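Asker:
Protein chains: 2
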Amino acid sequence: MKGAEVLLNSLAASGVDACFMNPGTSEMHLVASLDSVTAVRAILALFEGVVTGAADGFGRMADRPAATVLHLGPGLANGLANLHNARRAKSPVVNLVGDHASYHKRFDPPLESDIESLARPVSGWYRRTRRPEDIDLDVRDAVSASLGPPRQVATLVVGADASWLEAGPPRARAAREELPRPLGRPSQVSDEVLASAAAVLRSGEPAALLLGGSALREPGLVAASRICEHAGAALLAEPLPGRLERGAGLPAPQRLAYFGEIAMAQMAGLEHLVLVDASAPVSPFAYPDRPSDLVPQGCQVHVLAGDRNDAVGALEALAELVGAPLGASRVVVASRPEFPLGPLTPESLAAALGALLPENAIVSDETITSGIYLPGATAGAPRHDLLSLSGNAIGQGLPLAIGAAVACPDRPVLALEADGSAMYTIQALWTQAREELNITNVIFDNGSYAILNIELARVGAGTTLPGPVARSMLELDRPAIDFVAISEGLGVPASRVTTAEAFTKALSQAFAEAGPHLIHALLPRDGH
Amino acid sequence: MKGAEVLLNSLAASGVDACFMNPGTSEMHLVASLDSVTAVRAILALFEGVVTGAADGFGRMADRPAATVLHLGPGLANGLANLHNARRAKSPVVNLVGDHASYHKRFDPPLESDIESLARPVSGWYRRTRRPEDIDLDVRDAVSASLGPPRQVATLVVGADASWLEAGPPRARAAREELPRPLGRPSQVSDEVLASAAAVLRSGEPAALLLGGSALREPGLVAASRICEHAGAALLAEPLPGRLERGAGLPAPQRLAYFGEIAMAQMAGLEHLVLVDASAPVSPFAYPDRPSDLVPQGCQVHVLAGDRNDAVGALEALAELVGAPLGASRVVVASRPEFPLGPLTPESLAAALGALLPENAIVSDETITSGIYLPGATAGAPRHDLLSLSGNAIGQGLPLAIGAAVACPDRPVLALEADGSAMYTIQALWTQAREELNITNVIFDNGSYAILNIELARVGAGTTLPGPVARSMLELDRPAIDFVAISEGLGVPASRVTTAEAFTKALSQAFAEAGPHLIHALLPRDGH
Chain B
3 MKGAEVLLNS LAASGVDACF MNPGTSEMHL VASLDSVTAV RAILALFEGV VTGAADGFGR
63 MADRPAATVL HLGPGLANGL ANLHNARRAK SPVVNLVGDH ASYHKRFDPP LESDIESLAR
123 PVSGWYRRTR RPEDIDLDVR DAVSASLGPP RQVATLVVGA DASWLEAGPP RARAAREELP
183 RPLGRPSQVS DEVLASAAAV LRSGEPAALL LGGSALREPG LVAASRICEH AGAALLAEPL
243 PGRLERGAGL PAPQRLAYFG EIAMAQMAGL EHLVLVDASA PVSPFAYPDR PSDLVPQGCQ
303 VHVLAGDRND AVGALEALAE LVGAPLGASR VVVASRPEFP LGPLTPESLA AALGALLPEN
363 AIVSDETITS GIYLPGATAG APRHDLLSLS GNAIGQGLPL AIGAAVACPD RPVLALEADG
423 SAMYTIQALW TQAREELNIT NVIFDNGSYA ILNIELARVG AGTTLPGPVA RSMLELDRPA
483 IDFVAISEGL GVPASRVTTA EAFTKALSQA FAEAGPHLIH ALLPRDGH
Chain X
3 MKGAEVLLNS LAASGVDACF MNPGTSEMHL VASLDSVTAV RAILALFEGV VTGAADGFGR
63 MADRPAATVL HLGPGLANGL ANLHNARRAK SPVVNLVGDH ASYHKRFDPP LESDIESLAR
123 PVSGWYRRTR RPEDIDLDVR DAVSASLGPP RQVATLVVGA DASWLEAGPP RARAAREELP
183 RPLGRPSQVS DEVLASAAAV LRSGEPAALL LGGSALREPG LVAASRICEH AGAALLAEPL
243 PGRLERGAGL PAPQRLAYFG EIAMAQMAGL EHLVLVDASA PVSPFAYPDR PSDLVPQGCQ
303 VHVLAGDRND AVGALEALAE LVGAPLGASR VVVASRPEFP LGPLTPESLA AALGALLPEN
363 AIVSDETITS GIYLPGATAG APRHDLLSLS GNAIGQGLPL AIGAAVACPD RPVLALEADG
423 SAMYTIQALW TQAREELNIT NVIFDNGSYA ILNIELARVG AGTTLPGPVA RSMLELDRPA
483 IDFVAISEGL GVPASRVTTA EAFTKALSQA FAEAGPHLIH ALLPRDGH
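Those protein sequence lines, which keep their order, are chains B and X.
Heads up, the first sequence stops at 530 in my numbering, and the numbers go up one at a time, no gaps.
Heads up, the second sequence stops at 530 in my numbering, and the numbers go up one at a time, no gaps.
(1) Sort X/Ala14, X/Leu167, X/Gly186 and X/Arg245 by Cα distance to X/Asn311 and report the nearest one.
(2) With a threshold of 7 Å between beta-carbons, can B/Arg62 be considered close to chain X, or not?
(3) Mind checking if B/Trp127 is an interface residue toward chain X, Cβ cutoff 7 Å exclusive?
(4) With 16 other CB atoms within 10 Å as the buried threshold, where does X/Arg142 fall?
(5) Who does B/Gly26 pair with in a DSSP beta bridge?
(6) Are the region 9-26 of chain X and the region 437-447 of chain B touching, with three or more C-beta to C-beta distances below 8 Å?
(7) Helix, strand or coil: how does DSSP classify X/Asp143 here?
(8) If you measure beta-carbon to beta-carbon, which residues of the region 262-277 of chain B are closer than 9 Å to chain X?
(9) Please return the same chain residues whose Cβ sits closer than 6 Å to the Cβ of X/Pro208, not counting the five positions on each side in sequence.
(10) Please report the straight-line C-alpha distance between B/Leu10 and B/Ser35, rounded to a whole angstrom.
(11) X/Asp101 by DSSP, collapsed to three states: which one?
(12) Taking Cβ positions, are B/Leu388 and B/Asp367 nearer each other than 7 Å?
(13) Between B/Ser497, B/Ile370, B/Ala44 and B/Pro184, which lies nearest to B/Glu457 when the distance is taken from Cα to Cα?
(14) Looking only at its own chain, which residues have a Cβ that is under 7 Å from the Cβ of X/Leu351, when we skip the five neighbours before and after it?
(15) So what does B/Arg130 bridge to, in DSSP terms?
(16) For X/Glu457, go through chain B and note every residue whose CB falls closer than 7 Å to its CB, in chain order.
(17) List in chain order: all unbroken beta strand (DSSP E) runs of 3+ residues lying wholly within the region 433-495 of chain X.
(18) Where B/Ala147 and B/Arg122 are concerned, what is the direct C-alpha to C-alpha distance, given to the nearest angstrom?
(19) From B/Ala363, B/Leu120 and B/Pro348, pick the residue whose C-alpha is nearest to that of B/Leu525; which is it?
(20) Inspect the CB distances between the region 157-167 of chain B and the region 118-134 of chain B and report whether three or more fall short of 8 Å.
(21) Could you name the residues of chain B that X/Tyr105 contacts, counting a contact when the two beta carbons are closer than 9 Å?
(22) With 9 Å as the C-beta to C-beta threshold (strictly closer), list the residues of the region 386-420 of chain B near chain X in chain order.
(23) Residues in the same chain with beta-carbon distance under 6 Å from X/Val8, minus the five sequence neighbours each way, listed in chain order, please.
(24) Does X/Arg187 come out as helix, strand or coil in the three-state DSSP assignment?
(25) Going residue by residue through the region 273-337 of chain B, where are the continuous alpha helix (DSSP H) segments of at least 4 residues, counting only ones entirely within it?
(26) Between which two residues does the alpha helix (DSSP H) carrying X/Ile404 extend?
(27) What first and last residue would you give for the beta strand (DSSP E) that runs through B/Val366?
(28) Go through the region 70-123 of chain B residue by residue and report every complete run of the beta strand (DSSP E) that reaches 3 residues or more, in order.
(29) Give me whichever residues DSSP pairs with B/Glu419 in a beta bridge.
(30) Using only alpha-carbon positions, find the residue among B/Arg245, B/Thr40, B/Gly75 and B/Trp432 that is nearest to B/Glu364.
(31) Give a yes or no on whether the minimum CB-CB distance between X/Tyr426 and chain B is below 7 Å.
(32) Pull up the distance between the alpha-carbon of X/Gly59 and that of X/Ala44, whole angstroms please.
(33) Using beta carbons (cut-off 7 Å, strictly below), is B/Val461 in contact with chain X?
(34) Kindly confirm or deny that the region 87-105 of chain X and the region 79-94 of chain B touch, where touching means at least three C-beta pairs closer than 8 Å.
(35) Let's see if you can read the secondary structure: which residues bound the alpha helix (DSSP H) around B/Glu7?
(36) Check whether the Cβ of X/Ala34 lies closer than 7 Å to any Cβ atom in chain B.
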């Protein structure tokens with residue numbers, strides 16, 4: 003059996019059954035083997051940023067990795083931005099990068115480059131498979147590594163010769179028939195740490211739990227809410243969660259705002275901040291006259307659990323320790339906004355989404371400024387998963403939706419996109435059409451990089467009024483982008499709406515019909 | 003004056019007058035300064051691969067660098083593939099990457115990553131500017147470094163604080179008013195090397211000159227042809243030239259084929275291969291039963307000039323040394339194909355292009371398999387520049403055309419694109435429309451990654467017939483991509499053609515009208 007076939011078999015035996023790819027010549031043996039290993043579903047994308055974003059979305063929703071197949075250094079490079087987001091989301095990804103045959107690299111052919119230097123910044127684990135006999139072990143190790151703790155991007159580079167040569171017997175390994183296990187188990191939090199956190203909560207001083215990562219699913223939310231309700235503490239969530247379970251029937255932590263000054267207002271007066279698989283709040287960017295560290299002055303930061311700990315176990319133990327009764331947690335009551343009428347605005351868009359969000363939806367949210375009303379409008383909607391822009395590298399939303407839809411074929415997926423971000427990886431629509439995925443894409447089109455208009459003022463660069471050239475660098479409506487035409491050109495049926503009523507109708511229809519849809523929501527232009 | 007303004011002034015004073023950008027928050031001071039430094043033309047792109055490809059195209063045609071502005075590690079990552087091509091083309095590029103303020107990085111905000119690790123593989127020169135006082139010198143050094151020899155990508159990382167702080171007096175530097183000069187002068191080839199090459203050519207043994215890089219402009223071509231005609235040697239060119247001057251009135255070296263076995267046939271029987279700013283021919287990929295090194299067995303390889311030498315000077319000196327008379331060079335006679343009739347095929351497409359190619363055109367060629375008839379059909383067309391896919395990283399052609407059009411606003415630019423490659427950086431069309439560039443884009447649509455169908459067989463992966471899954475990974479017509487809709491959606495008028503006559507008409511019209519156009523040329527599907 004050739005190395006390529008061993009590789010696919012090892013993926014399948016490791017429980018990796020989805021492979022997003024944009025292969026090239028050095029990956030042709032892998033492609034040729036796809037028909038003999040039917041347990042791995044191969045999904046083609048037109049650009050590598052779609053491949054990696056889809057793998058991230060799959061990992062977030064399936065809690066196990068999908069694989070990528072990328073073509074040498076430049077193919078990897080095209081996928082790095084969404085691997086950066088996957089790294090920040092602590093998403094498990096097996097990132098397979100094809101390379102030249104080992105003996106060919108010294109000839110410095112046109113596509114030769116330093117793959118390791120490119121891969122390291124996003125990869126928690128990196129290896130080059132040397133011989134076809136090693137592939138089975140290397141794949142299993144990559145799957146294990148991707149599962150962490152913490153979950154991470156595991157990059158395995160596969161030279162073309164390792165793919166095409168016959169593999170001898172695989173290196174021995176105990177219990178080969180078992181699925182690869184995580185590198186280790188999340189460690190239990192010590193009694194001292196628990197006691198210290200309990201003392202903080204019993205002190206009566208203003209305190210908050212700040213939840214991130216694995217604490218943002220139902221068990222963590224319930225235990226944390228139970229603690230906070232009992233102890234009178236605030237319940238906060240990190241600003242860019244990889245995956246947050248929310249909606250009616252679940253506790254709702256207050257998500258820290260993207261902008262530092264709002265986040266600081268949310269934390270004002272706190273004397274203790276207890277981190278639960280979250281980092282201490284920092285400003286996404288530096289500004290000349292604002293702090294980088296957003297923790298209020300005099301507020302003590304305590305770590306209950308990090309990303310290698312069992313955060314949910316720690317929360318449950320802490321709840322017991324502080325004597326919080328079972329059932330003390332407070333959950334959101336079901337409620338939906340009225341159907342909005344009149345002009346389409348960020349507010350009416352959000353209301354319509356809140357009114358119509360289907361049960362058990364997955365929401366890939368990359369709306370940036372236009373999505374400001376979404377958290378409020380969807381808070382009491384039926385339970386859903388929210389996937390946010392974890393690493394701030396735009397171009398995530400449409401690809402992420404692909405991975406989520408492949409991981410959860412029975413759940414409706416909603417991709418909420420800003421116009422500027424959508425154009426980074428617009429090729430994703432083609433894969434959505436090709437795979438007939440149930441994704442409703444909504445483009446929030448305000449005709450600009452609106453976030454940058456805000457940032458231009460915030461960084462102090464706009465203390466004098468920005469000139470026409472500066473302003474034009476943030477404008478996306480000369481020429482206006484016709485997302486309906488682009489979407490239809492890529493095989494996804496689309497419509498344009500300019501009123502709340504039309505949006506509501508288009509959204510209902512998209513949810514009711516199978517396959518992908520796109521709604522181009524034209525928002526008012528600022529200052530026009 | 004703030005660092006950002008110093009930076010733009012330094013670019014302008016260094017002769018850098020075009021800046022392609024996709025900025026973010028950390029680059030807002032640069033953006034805000036654009037109105038005060040009007041000598042630098044700022045050009046926005048919707049994706050960083052467009053930014054870097056445009057900078058490459060500008061460098062190839064202007065022989066001096068444009069600047070980029072990219073947003074931290076992920077923004078750089080999105081631009082790396084076309085920087086890889088620029089590196090291979092030895093194109094001068096000043097690659098500016100914004101970063102967090104220096105003191106902010108330790109907080110590990112969401113967009114923090116290892117920029118140096120990402121940049122090194124494509125950058126011949128790399129520096130982080132530390133203080134606003136250093137910016138002027140750093141920019142001038144980056145411009146110098148980009149000019150080489152050899153020409154290269156010079157990456158300068160600019161932290162947000164270096165941009166927003168007031169710059170003290172710049173560090174002293176002699177002759178500040180002069181334009182930055184290249185790092186050094188291309189060195190003259192020694193008499194020994196010239197004598198050795200002359201001896202080879204006088205030996206009567208079958209020999210060829212293989213031209214690359216700087217030898218592929220008129221002076222190098224003329225001197226090389228003069229030598230070859232006199233000495234009875236073959237005149238060859240590298241397979242993926244960054245820029246090749248060709249057409250009626252110029253000597254025409256035989257370009258080595260992309261596929262190794264054809265290149266080997268072109269070199270069969272040679273006993274001497276003399277390299278002139280070119281590498282010894284290697285196969286772009288390794289194949290199980292084919293050589294990596296394409297030089298015929300027993301053929302000696304001699305280096306007349308490398309990329310740090312004055313290659314043209316070496317050719318002219320060699321011509322004198324072998325006694326080749328002035329005027330001995332053989333040039334192509336003007337000739338054009340007949341206007342083709344009937345169905346649109348790769349052959350009729352090429353004939354129409356040969357028949358209509360305007361005087362002094364710049365051709366960005368990323369046609370891959372569908373362009374096989376182009377070299378022949380355009381050989382006798384009016385003189386033009388050909389820019390090829392120098393680093394084999396697809397997604398180059400449409401962005402490259404932008405840079406060429408900005409560098410040479412009076413010349414018609416033709417982007418010849420394969421369907422698969424076009425979809426990598428299709429966002430380029432929007433910038434073409436926004437800047438009203440005279441670019442005619444032709445999409446050669448065969449509905450597949452056709453090169454990979456060939457490679458699938460060549461790597462031996464297709465010895466048994468590829469199965470339906472493998473074949474589907476190379477197919478782009480499910481769903482079919484409507485390039486007319488996409489182009490119009492991005493503001494570029496477009497038409498679809500299926501006959502040679504319709505193509506001829508659309509092409510004539512596109513050449514006659516100002517601004518960008520796109521022609522979607524639907525080719526027959528193999529096996530359909």
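From the three backbone atoms N, C-alpha and C, an ideal C-beta is built for every residue, glycine too.
Computed from a predicted structure; not experimentally measured.
Answerer: Put simply:
(1) For X/Asn311, the nearest C-alpha among the options comes from X/Gly186.
(2) no
(3) no
(4) With a 10 Å radius around the Cβ and a threshold of 16 neighbouring Cβ atoms, X/Arg142 comes out buried.
(5) Answer is none; B/Gly26 lacks a bridge partner.
(6) no
(7) helix
(8) none
(9) When the five nearest sequence neighbours on each side are left out, the beta carbons in the same chain lying within less than 6 Å of the beta carbon of X/Pro208 are those of Gly271, Leu272 and Glu273, in order along the chain.
(10) 8 Å
(11) strand
(12) Closer than 7 Å, so yes.
(13) B/Ile370
(14) Closer than 7 Å at the Cβ level, and outside the excluded window around X/Leu351, lie Phe446, Phe505 and Ala523.
(15) B/Val159
(16) Residues of chain B passing the Cβ test: Thr27 and Met30.
(17) 441-447
(18) 14 Å
(19) B/Pro348
(20) yes
(21) Ala288 and Ser294
(22) Leu391, Ser392, Gly393, Asn394, Ala395, Ile396 and Gly397
(23) Ile137, Asp138 and Ala169
(24) coil
(25) 313-323
(26) Gly399 to Ala409
(27) Contrary to the premise, residue 366 of chain B reads as Ser rather than Val in this sequence. Run containing B/Ser366: Ala363 to Glu368, per the beta strand (DSSP E) assignment.
(28) 95-101
(29) B/Glu368 and B/Ile445
(30) A quick correction: the sequence has Ile, not Glu, at residue 364 of chain B. Of the listed residues, the one whose Cα sits closest to B/Ile364 is B/Arg245.
(31) yes
(32) Straight-line Cα distance between these residues: approximately 16 Å.
(33) yes
(34) no
(35) Gly5 to Ala15
(36) yes
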